[in-house]
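Residue numbers (the numbering used here): 84 to 388.
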């Protein structure tokens, strides 16, 4: 069994000794490396992540956590350098099977963190869609699905009719690596889907064709990623929301961030999004906390002196 991760991990001690004896690093440098790696160990330990299961996305989540704590970019860059040095040493010594920090750079800042939409913006966007046409019914159901389930765009374009279970109020999504998961179908989503699947919606788009995909284009064919982008473009314009701020992936981020802000358990959100590692989901916690702080600063009468 791999030893548990703690700040007095002997694998850190051997690395610091190597830096001192073999590399001749100064005392101040050694202390900085120790501080940086200890911070990582203290973060990994409670999350049950051992070194041989550590992956790049875990390290990215940790660096985003550092930023959420208010560390400067120079401090984050130094921490990344410390982590990479330690993991490279462990891989070279055969202590771990692979080096998960090999491709990690400080520039990974917020690569997975586009700014989520506000809850009021989501409501404005959805409320602005007219459902007097088949395309309007489709677009509302599509955006309700993106926001309501946190689905990836690849999961939406491959969604089939049999993946919708209205009796149990569940949607079956086919995620990365062909892994299936079931996600709840909220009342707003269920209502939008039923309206779209009625004779006024999807049937009008399908015509005499045969197609098992849920979402169709105007010609009755399967919708594409590019088609979804165009829908989001149009609906953002109609709702007067900056198009550069919105994408299918932003709906996924917004779903996770809003759920965590309202008290959802992080492991439930992990299941919903289909994340293999909970560390990836913890990125959204940092976003939710940042939003909470901003709202507090704006609203609380004693937030400022």
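Even glycine gets a Cβ: it sits at the ideal position worked out from N, Cα and C.
None of these values were measured; they are calculated from a predicted model.
Proximal residues to residue i (C-beta, below 8 angstroms), its chain only, five neighbours per side dropped
i: residue 173; result: 94, 98, 134, 179, 182
i: residue 101; result: 172
i: residue 307; result: 240, 300
i: residue 154; result: 162
Where residue i sits in the DSSP three-state scheme
i: residue 154; result: coil
i: residue 342; result: helix
i: residue 247; result: strand
i: residue 178; result: coil
i: residue 192; result: Only weak support exists for where residue 192 lies, its pLDDT of 45 falling under 50; the value from the coordinates is given anyway. DSSP places residue 192 in coil when its eight states are reduced to three.
i: residue 199; result: coil
i: residue 217; result: helix
i: residue 305; result: strand
i: residue 159; result: helix
i: residue 183; result: coil
i: residue 352; result: helix
i: residue 253; result: strand
i: residue 326; result: helix
i: residue 297; result: coil
i: residue 265; result: strand
i: residue 242; result: coil
i: residue 347; result: coil
i: residue 227; result: helix
i: residue 284; result: coil
i: residue 270; result: helix
Residue environment, residue i, which counts as buried when at least 16 other CB atoms sit within 10 Å
i: residue 392; result: Because the chain here runs from 84 to 388, residue 392 falls outside it and cannot be looked at.
i: residue 331; result: buried
i: residue 295; result: exposed
i: residue 337; result: buried
i: residue 203; result: exposed
i: residue 206; result: exposed
i: residue 125; result: exposed
i: residue 131; result: exposed
i: residue 167; result: buried
i: residue 184; result: buried
i: residue 85; result: Caution is warranted here: a pLDDT of 46 is assigned to residue 85, below 50, making its placement in the model unreliable, and the coordinate value is therefore given only provisionally. Result: exposed.
i: residue 104; result: exposed
i: residue 357; result: buried
i: residue 326; result: exposed
Alpha-carbon to alpha-carbon, residue j and residue i
i: residue 340; j: residue 107; result: 45 angstroms
i: residue 285; j: residue 334; result: 23 angstroms
i: residue 123; j: residue 220; result: 48 angstroms
i: residue 165; j: residue 198; result: 28 angstroms
i: residue 230; j: residue 290; result: 28 angstroms
i: residue 92; j: residue 138; result: 19 angstroms
i: residue 96; j: residue 121; result: 11 angstroms
i: residue 313; j: residue 282; result: 24 angstroms
i: residue 264; j: residue 351; result: 12 angstroms
i: residue 141; j: residue 110; result: 29 angstroms
i: residue 156; j: residue 269; result: 40 angstroms
i: residue 144; j: residue 342; result: 18 angstroms
i: residue 216; j: residue 223; result: 11 angstroms
i: residue 315; j: residue 236; result: 12 angstroms
i: residue 267; j: residue 243; result: 16 angstroms
i: residue 170; j: residue 262; result: 30 angstroms
i: residue 152; j: residue 233; result: 26 angstroms
i: residue 136; j: residue 129; result: 14 angstroms
i: residue 213; j: residue 277; result: 16 angstroms
i: residue 354; j: residue 200; result: 22 angstroms
i: residue 288; j: residue 311; result: 16 angstroms
i: residue 177; j: residue 112; result: 24 angstroms
i: residue 328; j: residue 211; result: 17 angstroms
Beta-carbon proximity list for residue i, same chain, < 7 angstroms, skipping 5 on both sides
i: residue 292; result: 303
i: residue 149; result: 159, 162
i: residue 227; result: 209, 271, 272, 275
i: residue 238; result: 256, 257, 258
i: residue 347; result: none
i: residue 309; result: none
i: residue 383; result: Bear in mind that a pLDDT of 49 at residue 383, under 50, signals an unreliable position, so the number given afterwards is only what the model happens to contain. For residue 383, where only same-chain residues beyond five positions count, there are no Cβ hits under 7 angstroms.
6 angstroms Cβ shell around residue i - same chain, five flanking residues per side excluded
i: residue 194; result: Caution applies to residue 194, whose pLDDT of 46 falls short of 50 and renders its modelled position unreliable; the model cannot decide the point.
i: residue 119; result: 162, 165
i: residue 279; result: 220, 221, 224, 285
Residue i: CB within 7 angstroms of a non-hydrogen atom of the ligand MN
i: residue 310; result: Ligands are entirely absent from the displayed structure, and the ligand MN is therefore not among its contents.
Below-8 angstroms beta-carbon distance, residue i vs any chain E residue
i: residue 311; result: Among the chains of the structure shown, chain E does not appear; only one protein chain is present.
Meets three-Cβ-pair contact criterion under 8 angstroms: the region 246-254 and the region 314-328: With a cut-off of 8 angstroms, the region 314-328 and the region 246-254 do not count as touching, because too few Cβ pairs lie within range.
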